[in-house]
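Student:
There are 2 protein chains.
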Amino acid sequence: MQLIDGKRIADEIKAEIKIEVDMMKSRGLRPPHLAAVLVGHDGGSETYVAHKIKACEQTGIKSTLIRYEDDITEAELLRRIDDLNADTDIDGFIVQLPLPKHIDEQKIIEAILPSKDVDGFHPVNVGRMMIGLPCFVSATPAGIMELLSRYRINTRGKHCVVLGRSNIVGKPVSILMSRKAAPGDATVTVCHSRTQNIPEITRQADIIIAALGQPDFVTADMVKEGAVIIDVGTTRVPSTETKSGWKLKGDVKFDEVAPKCSYITPVPGGVGPMTIVSLLRNTLQAAER
Amino acid sequence: MQLIDGKRIADEIKAEIKIEVDMMKSRGLRPPHLAAVLVGHDGGSETYVAHKIKACEQTGIKSTLIRYEDDITEAELLRRIDDLNADTDIDGFIVQLPLPKHIDEQKIIEAILPSKDVDGFHPVNVGRMMIGLPCFVSATPAGIMELLSRYRINTRGKHCVVLGRSNIVGKPVSILMSRKAAPGDATVTVCHSRTQNIPEITRQADIIIAALGQPDFVTADMVKEGAVIIDVGTTRVPSTETKSGWKLKGDVKFDEVAPKCSYITPVPGGVGPMTIVSLLRNTLQAAER
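Protein chains in written order, with the working numbering: chain A, 78 to 366; chain B, 78 to 366.
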């Protein structure tokens with residue numbers, strides 16, 4: 078069993094991005110510039126945005142944090158997005174989700190110029206990804222594909238079972254895994270809450286991508302000997318072991334599943350660290366266009 | 078075994094559309110208006126467009142055929158598309174594919190205003206379909222879903238195996254079949270040319286959607302007793318039985334597979350007739366917006 082070290086790969090990619098940013102600067106260009114819009118004071122959102130800004134600093138990407146109180150109106154936020162769309166100094170920007178209930182998230186997402194939508198949530202980017210055209214792929218699916226690629230895991234003709242059909246992980250990763258590319262070219266099965274015989278299906282899988290958000294869902298009896306396991310779950314569960322009082326738990330019962338695997342991602346330290354570097358890569362790409 | 082009669086269902090839907098169009102007219106509104114752009118003289122394209130125009134006539138939808146010789150430049154065609162986008166008298170339009178080699182098809186597709194893209198090929202419509210937002214779904218996947226719906230075939234929790242990963246059938250129908258909806262909510266496996274053990278996988282299927290374009294690919298030994306078979310294949314093969322010298326062949330070896338099925342679509346007369354009514358429905362929907 079080999080551990081897929083997302084932290085190490087993420088650090089590698091950050092170093093590569095830093096080299097590219099330094100080269101841009103040495104050619105007299107300004108560095109890529111990411112803006113992050115944060116509305117309100119949700120604890121999770123504060124942490125995610127802080128991590129994104131820190132990662133920008135580590136790679137030389139310029140970042141700007143734009144904060145609003147959670148009483149900002151939808152109209153005001155849309156106006157601010159128009160400003161960011163028009164601002165030639167900003168290559169890409171994100172609006173951290175979730176947003177307060179009085180704001181229509183989909184309307185906000187669709188207001189972002191697709192060429193600046195480094196989160197890859199705009200329908201144009203989703204559609205282009207599906208068709209196989211150049212686009213911004215959203216962070217988690219892109220991070221998963223990058224891990225498979227860096228560990229040279231052969232996916233061609235393999236049976237990949239995706240657990241979960243969310244818009245941000247399950248659906249896009251199923252398309253990426255089945256498309257004619259490397260990594261890709263896998264036979265892909267998507268399972269979800271209505272699937273009747275998940276263990277029977279996962280036992281046939283060469284690769285399992287678990288993105289249900291149900292801690293310890295995948296147990297040893299559900300996994301074939303030698304399978305590759307990508308655990309996308311990041312559920313916060315109470316814990317007396319940490320200062321914060323909680324820890325992250327994956328969808329896979331790691332201790333019993335790991336010994337059966339050829340490769341497995343831990344939680345934390347697997348897919349998680351990759352999501353931020355996917356955002357940085359998209360920002361770099363936006364600046365290079 | 079029950080035959081899924083696409084011709085009958087298509088006629089039913091045409092009658093329904095006609096009632097809606099008549100109601101629009103009786104309210105003093107103009108009928109929906111579809112324009113079809115045909116470049117060159119490809120035999121298949123001529124036939125398809127002629128069928129679409131005839132179907133418009135049957136339902137009271139106004140249609141306009143716009144023809145160009147195959148030496149039209151890409152720039153000229155793009156200008157004509159701008160005109161159609163701006164023309165308030167036209168609710169939706171299609172550009173019949175394939176286009177001559179000197180024209181970039183993707184560029185043409187993306188030039189069409191998404192709100193007039195009744196073929197559902199624009200990335201915005203593809204992306205919105207994937208996310209589960211209101212959109213124009215392209216004709217063949219929409220037709221398949223409609224057949225399943227009209228025959229009240231239960232798809233929830235069933236295992237649906239899709240053969241083929243094309244942008245116009247395999248990928249979109251896999252998303253539609255797995256999404257939280259009825260029809261839908263199926264466990265979906267997508268197989269393609271790189272899949273190693275197709276018969277083993279199809280034998281597990283409650284529903285098979287065959288869209289490979291390989292005549293007689295699905296044989297009786299690949300099908301579970303009681304399965305539902307949707308045959309999307311329409312390959313022209315030489316024939317001495319027809320005046321034209323060819324006939325349409327599906328991906329399924331109908332004679333030997335049909336006795337094992339609960340439901341099966343014939344070729345021709347199954348999915349084929351449904352594609353045109355999907356286009357008419359999209360046009361009606363465009364006019365109602």
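Idealized CB from N, CA, C, for every residue including glycine.
#1: So which residues on chain B does R262/A lean against when the C-beta distance must stay under 7 Å?
#2: I'd like to know whether the C-beta atoms of T124/B and A216/B end up nearer to each other than 8 Å.
#3: What residues in its chain sit with their C-beta under 7 Å from that of L80/B, if we drop five residues either side in the sequence?
#4: For K324/A, which residues does DSSP report across the bridge?
#5: Would S226/B pass as a contact of P260/B if the rule is Cβ separation under 8 Å?
#6: Quick check on this structure: which residue in K326/A, C212/A and S251/A has the alpha carbon closest to the alpha carbon of R242/B?
#7: What does DSSP give as the partner residue(s) for R144/B in the beta ladder?
#8: Touching or not, the stretch 103 to 110 of chain B and the stretch 162 to 175 of chain B, by the rule of three or more beta carbon pairs under 8 Å?
#9: Measuring only the C-alpha atoms, how far is D196/B from L115/B?
#10: Using beta carbons (cut-off 8 Å, strictly below), is S339/A in contact with chain B?
#11: Just curious, the alpha helix (DSSP H) that D88/B is in, first and last residue?
#12: Return the Cβ separation of N231/B and F213/B in integer angstroms, given the expectation that the two are a contact with Cβ distance under 8 Å.
#13: Let me check understanding here. Comparing Cα to Cα, which of I96/B, R256/B, K129/B and S122/B lies closest to M206/B?
#14: Using CA coordinates, which residue listed in V348/B, R366/B, D99/B and G310/B is at the minimum distance from E223/B?
#15: Thinking C-alpha only, which one of L190/A, H179/A, S140/A and P177/A is nearest N32/A?
#16: Rounded to whole angstroms, what's the CA-CA distance from F331/A to T264/B? Just pull it up for me.
#17: Do you know how far the Cα of T136/B is from the Cα of N359/B?
#18: Does the beta carbon of S255/A sit closer than 8 Å to a beta carbon anywhere in chain B?
#19: Shorter than 8 Å from the beta carbon of L176/B to some beta carbon of chain A?
#20: Taking the alpha-carbon of K178/A as reference, which of V354/A, T312/A and G117/A has the nearest alpha-carbon?
#21: For C338/B and D283/B, which I take to be in contact (beta-carbon distance under 8 Å), what is that distance rounded to the nearest angstrom?
#22: When you compare only the Cα positions, how much space is there between Q362/B and M100/B?
#23: At the level of alpha carbons, what is the spacing between V126/A and G105/A?
#24: What are the boundary residues of the alpha helix (DSSP H) that T150/B is part of?
#25: Since Q183/B meets chain A, which of its residues come closer than 9 Å, beta carbon to beta carbon?
#26: Between which two residues does the alpha helix (DSSP H) harbouring P287/B extend?
#27: Taking Cβ positions, are A288/B and V246/B nearer each other than 8 Å?
#28: State the start and end residues of the unbroken alpha helix (DSSP H) segment that holds V23/B.
#29: For P200/B, decide whether its Cβ has a neighbour in chain A, counting only Cβ atoms nearer than 8 Å.
#30: Based on the DSSP secondary-structure assignment, which residues constitute the bridge partners of I171/A?
#31: Using the Cα positions of D82/A and G346/A, report the straight-line distance between them to the nearest angstrom.
#32: Interface residues of chain B around R280/A at Cβ under 9 Å?
#33: Below 7 Å on C-beta distance, what does I252/A contact in chain B?
#34: Just reading off the alpha helix (DSSP H) that I230/A is part of, what are its end residues?
#35: Rounded C-beta distance between K326/B and P292/B? I'm assuming under 8 Å.
#36: Which of the residues in the stretch 212 to 238 of chain B, read from start to end, lie with their CB under 7 Å from any CB of chain A?
Tutor: Let's see:
#1: Per the sequence shown, the amino acid found at residue 262/A is Asp instead of Arg. Result: R271.
#2: no
#3: I341 and P343
#4: V314/A
#5: yes
#6: S251/A
#7: L115/B
#8: yes
#9: 14 Å
#10: no
#11: G83 to S103
#12: About 27 Å; that fails the 8 Å criterion.
#13: R256/B
#14: V348/B
#15: The displayed coordinates of chain A run from 78 to 366. Any statement about residue 32/A would go beyond what the structure contains.
#16: 25 Å
#17: 13 Å
#18: yes
#19: no
#20: G117/A
#21: 11 Å between Cβ atoms; not a contact.
#22: 14 Å
#23: 29 Å
#24: Careful: T150/B lies outside any alpha helix (DSSP H) and carries neither H nor E.
#25: I208 and L210
#26: It should be pointed out that residue 287/B corresponds to Ala in this sequence rather than to Pro. Run containing A287/B: none in the alpha helix (DSSP H); it sits in the beta strand (DSSP E), I284 to A287.
#27: yes
#28: With chain B running from 78 to 366 in the structure shown, residue 23/B is simply not present.
#29: yes
#30: A113/A
#31: 6 Å
#32: The contacting residues do not exist; R280/A stays about 12 Å from chain B at best.
#33: K248
#34: Unbroken run through I230/A: none, as it is neither H nor E.
#35: 4 Å
#36: R233 and G234
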